[in-house]
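Notes follow once the structure below has been shown.
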Amino acid sequence: MCGITGYIGPRPAIEIALDTLKRLEYRGYDSAGVAFWSGDHLEVMKRAGKIQHLTELLNGVEAHGLAVSHTRWATHGIPNDPNAHPHTDENGTVAVVHNGIIENYLELRHELGARGHRFSSETDTEVLAHLIEEQLPLCESPEEAVRRALQGVRGSYAIAVMFTEHPDRVVVARHDSPLVIGLGEGENFIASDIPALLPYTRRVILLENGDLGIITRDSVRLMRLDGSPIERPPVEITWSAEAAEKGGHEHFMIKEILEQPEAVRDTLRGRLKPNGGIAFPELKLELEDWQKFRRILIVACGTAYHAGLIGKFVLERWLRRPVEVYYSSEFRYGDPILQPNTLALFISQSGETADTLAALRLCREAGYTTMGIVNVVGSSIARECDHVLYTQAGPEISVASTKAYSTQIAVLSLLGLYLSSVNGTLPMHTYTEGVKSLMQMPSLIARSLETEPQVRQIAEALYQTPLAFYLGRGVDAYVAMEGALKIKEIAYVPTQEPPAGEMKHGPLALIEPGVIAVFVSTQERTREKLLGNLKEVKARQGTVFLVTTEDDDLLPQEADYTVRIPRLPMEELSPLVSIPVLQLFAYHVARLRGCEIDQPRNLAKSVTVE
Ligand code: M6R
């Protein structure tokens, strides 16, 4: 996720660029830049770090009527000056800002390189500038050059393009990444998101996938990528500026919960091929390297640790090799048994968690192959690991981790399927089933999220509970642990989360009227056993809230409240559709209890102390 803004009109364009960018800082903040018309040529100024650094760089600089700007959340290439946007071709003929991921950029870069193009960044975006520049002399208009250049591009993008030869316009296009056009009198604006534009205009056009726009001071002309003209009526925005930053939601947490289909789609993008193959183009590991691992170690904290437990479940099932999961803080002082041919995975949203970093350094000293599953590009864990698989969740602002968790599971599932295919440990039809389920995952998660109105009603009935049990078996027990962490950290509800089969060995003593038990049930083979556990709770007058699959007609008979989620042919992947319900439940309970949801007491987003 990155933020794009742009302005064309009589006002000081640089001032507007900086002001609008600041309003999009929640979309990314590792570098920023602006391309503007200096009066006789196109100029680009950009800098790593927060927008404040760019502001200092631009002190005293003036633009004439036209600027496009960008705040970056790195996906390809570390956050430094050359990788910051805008990107240009060698001659500075075009400048491009981009939000999204170009899937086939390596291929395109290679082809452009063979035709003599030289690159100055590691980004996927830069290929767009070169592709457009190549088309310019062949086309009648700059918009035609953009349209043609995009024809060979796969992936997601929202782009804004400026041209040295055409300082009267900005050309924009979108596919799978948002872009809006703000309409003014004798001036127009663009932005990735509405909040950036609210101080200037409330009349916006929301571009749709496959739209291309030509924006001048006085006009906005739209066409489809096939060249056919199209009209999109403007809408009037009535949100407050604060609500707009959260996409019209009350909190970042709910915004981020609802972003999960898109975050998972972005994470799978480029790795899960349409033909069912899996590839990690960013890793420099040969087939024999993958085959040599006899054991896998996963080290993480909090929510990332819970994702690691799901990783253990899928990897052991599919790969039939031992997987150990450690809390980072325990690994370091736990005198771990270090063995050869171990792949050590470090999972972290921030990439800065001190305990995980310390464990990583220990593993490096032991000579393990280390691999990070990290969200923040260029973070310490990402830099210090031998290999990194980035989750593409975009910035996660709420302290409670939600979309980072789903994208971590998506990466672990891809890794599990990939490793079992290169080691031949999974029957072909099971592999195909897994790939198919992952391909459908964004829409399956979206279906789970549709339960929100029902979950909110259940929260209204249960929010005053003094104690919540979270119960499941197998992979559902791990999801239950994450559900419990969510309600504990944001709603301050005490929880117990043993595997359901452990209840009668002690925790059952805590069940009494008023106590709730949230059951997660996605696996056919443990359903009858879970029925026994559910009855144990009911017999002691506990209240049961059941999250189960749409085909279950056994457990709902005993539950007080039931929410149904999609049934997946591959049960190992069910956490991705069950967790949204638990996140939504925690969110609504916290809201009803009047809690500070995005910044819960005593907690920080990134824990950089041991
Ligand atoms: O940045 P990390 O993923 O390394 O952070 C690990 C934990 O601190 C984090 O997952 C924490 O448990 C979450 N805020 C819980 O929602």
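What the sequence shown shows, in my numbering, is residues 16 to 625, in sequence order.
Where a beta carbon is used, it is the ideal one built from N, C-alpha and C, also for glycine.
Being a predicted model, the structure only gives us computed values, none of them experimental.
Which residue wins for smallest C-alpha separation from residue i, given the options the options?
i, options, result
"Glu543", "Ala532, Leu570, Thr564 and Val389", "Leu570"
"Leu453", "Tyr341, Leu287 and Val562", "Leu287"
"Leu599", "Thr231, Leu121, Ser589 and Ile473", "Ile473"
"Asp55", "Gly21, Pro182, Asp139 and His113", "Pro182"
"Leu57", "Tyr44, Ala63 and Ala82", "Ala82"
"Glu77", "Ser84, Ala369, Val562 and Trp52", "Trp52"
"Ile209", "Pro481, Gly609 and Arg42", "Arg42"
"Val562", "Glu573, Val552 and Val578", "Val578"
"Ala227", "Ala211, Pro214, Pro244 and Asp233", "The sequence given here has Leu at residue 227, not Ala. Selected option, being the one with the closest Cα: Pro244."
"Phe484", "Gln469, Pro509 and Glu504", "Pro509"
"Glu565", "Arg555, Ala574 and Pro581", "Pro581"
"Leu626", "Thr422, Tyr507, Leu372 and Leu273", "Residue 626 falls outside the range modelled here, since the chain spans only 16 to 625, and no answer is possible."
"Glu71", "Leu165, Val49, Leu213 and Ala175", "Val49"
"Leu375", "Ser344, Glu611, Gly409 and Leu546", "Ser344"
"Asp568", "Leu546, Ala47 and Ile147", "Leu546"
"Ala524", "Ala554, Ile174, Ala605 and Gly498", "Ala554"
"Ile196", "Leu212, Pro595 and Ala515", "Leu212"
"Ile229", "Gly21, Trp305 and Gln423", "Gly21"
"Pro410", "Leu298, Glu105, Gln364 and Ala574", "Gln364"
"Tyr172", "Gln306, Asn203 and Thr90", "Thr90"
"Arg398", "Thr406, Ala408, Met386 and Gln407", "Met386"
"Asp304", "Tyr433, Phe178 and Arg26", "Tyr433"
"Leu221", "Arg347, Asn203, Pro249 and Pro214", "Pro249"
"Arg616", "Ser413, Thr35, Leu300 and Val338", "Ser413"
"Arg606", "Met496, Glu551, Thr138 and Leu477", "Leu477"
"Asn224", "Leu486, Ser192, Glu539 and Phe204", "Ser192"
"Phe295", "Phe308, Ser416 and Ser428", "Ser428"
"Gly521", "Pro528, Ile502 and Glu512", "Glu512"
"Glu148", "Glu137, Leu165 and Ser136", "Leu165"
"Thr35", "His85, Leu298 and Leu151", "His85"
Determine the DSSP secondary structure at residue i, reduced to helix, strand or coil.
i, result
"Asp226", "strand"
"Pro457", "helix"
"Val622", "coil"
"Phe600", "helix"
"Asn203", "strand"
"Ala82", "strand"
"His113", "strand"
"Leu221", "strand"
"Glu58", "strand"
"Thr20", "strand"
"His102", "strand"
"Val250", "strand"
"Arg162", "helix"
"Trp88", "coil"
"Glu681", "With the chain covering only 16 through 625, there is no way to say anything about residue 681."
"Glu265", "coil"
"Val329", "helix"
"Arg286", "coil"
"Val552", "helix"
"Ala437", "As written in the sequence, residue 437 is Val, which differs from the Ala given in the question. It is helical."
"Ile245", "strand"
"Glu339", "strand"
"Cys154", "coil"
"Pro351", "coil"
"Gln614", "coil"
"Pro595", "helix"
"Lys451", "helix"
"Asp304", "helix"
"Pro571", "helix"
"Gly291", "coil"
Looking only at DSSP bridge pairs, what is residue i linked to?
i, result
"Arg189", "Ala173 and Asp226"
"Ala63", "Ser46"
"Ala359", "Leu312 and Thr385"
"Val562", "Val535 and Val578"
"Leu588", "Answer is none; Leu588 lacks a bridge partner."
"Ile196", "Ile205 and Ile220"
"Phe178", "Val109"
"Val235", "Ile230"
"Phe51", "Glu58 and Ala82"
Going residue by residue through the region 387–433, where are the continuous alpha helix (DSSP H) segments of at least 4 residues, counting only ones entirely within it? 395–399
Could I get the ranges of all uninterrupted alpha helix (DSSP H) runs contained in the region 464–543, with 4 residues as the minimum, in chain order? 467–477 and 490–506
Of all the alpha helix (DSSP H) runs that stay within the bounds of the region 112–151, which reach a length of 4 or more residues? 120–129 and 141–150
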